[in-house]
Structures are given as C-alpha cells and as structure tokens.
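Right, one structure below, let's go through it.
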Ligand code: FCB
C-alpha cells in the first residue's frame, strides 16, 4: 500500500525485524573473536539477574542460515542485525580477523539471495575489552578506533550493503554503561558518561565520514532510543525538561544544528569536563545522517514525588544537578515495567517531522516483552498481547504516514527471544521462541500474524 499526501506518493511501508550480535550469536570464543565488555560484565557476580550470559545465546552464529529462512517465511523487506566488533578486530584495533568478516559476508549474501536488504549496525554495545581497558568510550581515541573498524567492515561489505547504521542507542551505551552502571562496563561515574556520550557521537560522525568517503552514495544513519517525556505535575517540569534534553535533544540538536541543547550545556559543568567537546567535533556531527533510526518502546512518565517503578529515564537520577523526580508508569505495562502508550510514538514522530521534515525516518525497534506467553496444547506460544501491541503501534505509523511524516520502515524487536542484557533470559521479546536447551526455533502466534499482515499489504 503506497500513501499519497498532497502531491507526494510514498512507497509502501517496509517491514523488518532486528537482532544484535551479543544477544543472539553465542560462539563467543570461536574463530578468533576477542572478548567484549559484555563477556566481562556478565562474568561479574550479580550483574545479570539470572546469572546468565551471551556465550550460547540463540546460537545464531552457527544457525544464521535457518534464521534467515525464518525471515523469508515472514516476508520482511529488511533485516537489521549488528556486526560484533571483537569478531572483526579481536583487540579493537589492527588488521581484521578474516574469519569474522567471512561470517558477516555469508549473512549478507544469504540475505541478498533471499531478496532481503541488510541494514547493518556497526556497534550494538559489544566494545572489545582491550579498548575499555584503555579508557573505553570516555576516552577520545575510542572514536577513532571505531572509525577504523567501520572502514574495515565497509571495505568488505560495502559493495553489497547500501544501508549502514553506526551506533545503536548511544544514550544506553553511555548513561546505563558509565553512569548508572547497570550495563557493561558497569561504571558509576556521571562525568565519564557525558564524555562517553560525546565520543559515541563523534565516533558515529567519523565512521559516517569514512564510509561516505569510500562510497558517497552510502546511506548512513544511526538508531536512537528517542521517547516522549510526559510530565504529570507542575513541579516535575524542570526534571522533565532535563530528562527530555538528555534523552532526545542531546542527540537530535547536534545532528541537525551542530550544537548541544542549552539544558545539557547548563548541566555539563556538573557532569564533568566540558572540554571533551573540541572545536570542530560538532561540525562533523551536524548533517552526518541521511536517515534516522527510531527505537521506541514506551514514553517516560515522570512525577515530582513518589517512588520510581522502573522503566527508562530513572537512570538520569544518577546525575548531579538533575532535579528530583520519580518515574511513574501508568496503566498497562510490559514485563519490563514499561508503560504501553502508542500515542507516545505519535507525538515523537510529529516532533521528528518538525525537527526535519526531509529526514527519512525508520522505526528500527518496537516490541514488547510479555510475562505470560501462553503455550497451546500443540506446544506453540500464543501471544495475543504482543499482537495487540504491534498492531496499535503500527496503526500509529500508518496514521503518521498519511499525515505526511516520512516513516519508511517498521522493525519489530525481535526476531528471536534472546539475551536481554542485564535481564538475561528473563525477558522475551521474540516473534520466535528459542528452546534454551536445544536452540530449536518455534514461531509464536505473533509471527504468523506479522507474516499475514505483510502479505495482506503486499497483495492489497
Ligand atoms: C533496546 C536495545 C535492544 C533490546 C531492546 C529491548 O534498548 O537496542 O538490544 O535490548 O531494547
């Protein structure tokens, strides 16, 4: 179904699913892969709620071909997956490990043979451990190492991959990893988090520049976990603005205008050393994307008083200078405790349309973890609440498109139940269940629903 708004006819919405390397691949010690910060973090007692790690995960490193068959059965246009940096450069610098690049070349060729476009993410949080030992993202040199790595991957795959994502959710990588300490590398140092955020943006821009200098036609963007901040009482306005600035403006303003938002600059002296931002850095970030990836799950609803009930946003409380607040989801929540509110996506898409009406938007993640996937007598999983969640968010995307917002892709997180970071295997986001013992894949009812929805739109 194409959409016509005024005189503009847009091609049909594209469908995709997503995974990331550490969450699905396993095989962490194979074919020369080096250790990443997630291997190290998982090995520390108490870091992962069920004491698990990604050493086996879904076994997708070996099962990649049958996973791609699942994508064919779904009928998706695109697969968003990530390359593990420590497979390509086991120590984070130096010459490439050919076996690592061979693997991703097979995946890309397998996708193209099936008529599915690869959307390659270069960094979905698995930093090579030696780079963390040298200072990690708070250390400026990591940004240059990242650009070198991007150059190596592009040199091997750039003739077949048009669509590149540099960094996934720099907010999570910097704030959860370096301030809240709940993600790898587990540091609790707000000043380091601000430096990490800046260097992730800089690394993105340097990688984008490197890819474009090799191929000016490459489509390079990044995926941000943007959200809508809802404020429930007047006294929460100030923290609301601060959280909005750290979550959204911190990334959107430099990308469009080449400067950080006022609210972030006001916080910056409290956050550490503003001199990490050097002359010319933000000029490089400005205009560095030709598409923007939007990962949306939930709004952040905050109040001035009360207890936080979990959910994204509260980690910002780790920062000095942020006014006190509570995260207070309302109504139905997911197994993660995240409020279900598709209108948050509507408001976010409207905001992004005003931010830059010419920027192609791709929903690069949307999905739900459920506490109670129901097993049918035949052993398959019935997940009506997932279907309902996806249907409602998809309806928001359709409506936005009919109002002229240039959303091109809707990506479900995730193809498979997988390793959900600090939550281990306790949170299941997949359209496909993965047997923890055998690795067997069992599509859920939501998989069938999505396949039918894609087919209906294609035929209609
Ligand atoms: C996003 C991550 C993704 C997955 C989902 C649930 O923040 O990008 O890897 O963990 O959340």
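Residue numbers (this note's numbering): 62 to 521.
Ideal Cβ positions, reconstructed from N, Cα and C, are used throughout, including at glycine.
| Item | Value |
| --- | --- |
| Nearest neighbour of residue 428, chosen from 355, 165 and 96 [CA to CA] | 355 |
| Length of the line joining the Cα atoms of residue 499 and residue 493 | 14 angstroms |
| Paired residues, beta bridge with residue 75 - DSSP | 470 |
| Cβ neighbour criterion (16 or more within 10 Å) applied to residue 513 | exposed |
| Among 337, 263, 409 and 330, the one whose alpha carbon lies nearest that of residue 305 | 409 |
| Straight-line gap, residue 358 to residue 146 (C-alpha atoms, nearest Å) | 26 angstroms |
| Cutoff 6 angstroms; reference residue 414; Cβ partners in own chain excluding five residues on either side | 466 |
| Any non-hydrogen atom of the ligand FCB within 7 angstroms of residue 81 CB | yes |
| Terminal residues of the beta strand (DSSP E) in which residue 140 lies | 139-143 |
| Reduced DSSP secondary structure (H/G/I, E/B, other) of residue 486 | coil |
| In DSSP terms, what residue 353 is bridged to | 283 and 422 |
| Three-pair Cβ contact test at 8 angstroms for the stretch 165-173 versus the stretch 90-109 | no |
| Three-state secondary structure (DSSP) of residue 180 | strand |
| Uninterrupted beta strand (DSSP E) stretches inside the stretch 84-143 (no shorter than 3 residues) | 139-143 |
| Residue 363 - DSSP class collapsed to helix/strand/coil | strand |
| Backbone CA spacing between residue 8 and residue 353 [nearest angstrom] | With the chain covering only 62 through 521, there is no way to say anything about residue 8. |
| Proximity test, residue 399 beta-carbon vs the ligand FCB heavy atom, cut-off 7 angstroms | no |
| Outcome for residue 478 when other beta-carbon atoms lying within 10 angstroms are tallied against a minimum of 16 | buried |
| Near the ligand FCB: residue 286 beta-carbon under 7 angstroms from a heavy atom | yes |
| Residue 491 versus residue 85: straight-line alpha-carbon distance, rounded | 11 angstroms |
| Terminal residues of the alpha helix (DSSP H) in which residue 300 lies | 298-305 |
| Alpha helix (DSSP H) runs contained entirely in the stretch 325-350, provided each spans 4 or more residues | 342-346 |
| Where the alpha helix (DSSP H) containing residue 212 begins and where it ends | 202-218 |
| Inter-residue spacing [alpha-carbon to alpha-carbon] between residue 195 and residue 206 | 11 angstroms |
| Three-pair Cβ contact test at 8 angstroms for the stretch 172-192 versus the stretch 287-295 | no |
| Classification of residue 426 by the beta-carbon crowding that lies within 10 angstroms, buried from 16 upward | buried |
| Opening and closing residue of the beta strand (DSSP E) in which residue 291 lies | 290-292 |
| First through last residue of the beta strand (DSSP E) which encompasses residue 504 | 502-504 |
| Runs of alpha helix (DSSP H) wholly within the stretch 386-430 (minimum 4 residues, chain order) | 403-416 |
| For residue 186, the first and last residue of its enclosing alpha helix (DSSP H) | No alpha helix (DSSP H) contains residue 186, which DSSP labels as neither H nor E. |
| Distance cut-off 7 angstroms: residue 490 Cβ against heavy atoms of the ligand FCB | yes |
| Beta-bridge partners of residue 443, as assigned by DSSP | 435 |
| Residue from 457, 265, 420 and 423 with nearest C-alpha to residue 406 | 457 |
| The ligand FCB heavy atom lying under 7 angstroms from the CB of residue 244 | no |
| Span of the alpha helix (DSSP H) around residue 264 | 251-275 |
| Residue 80 vs residue 137 beta-carbon contact at 8 angstroms | no |
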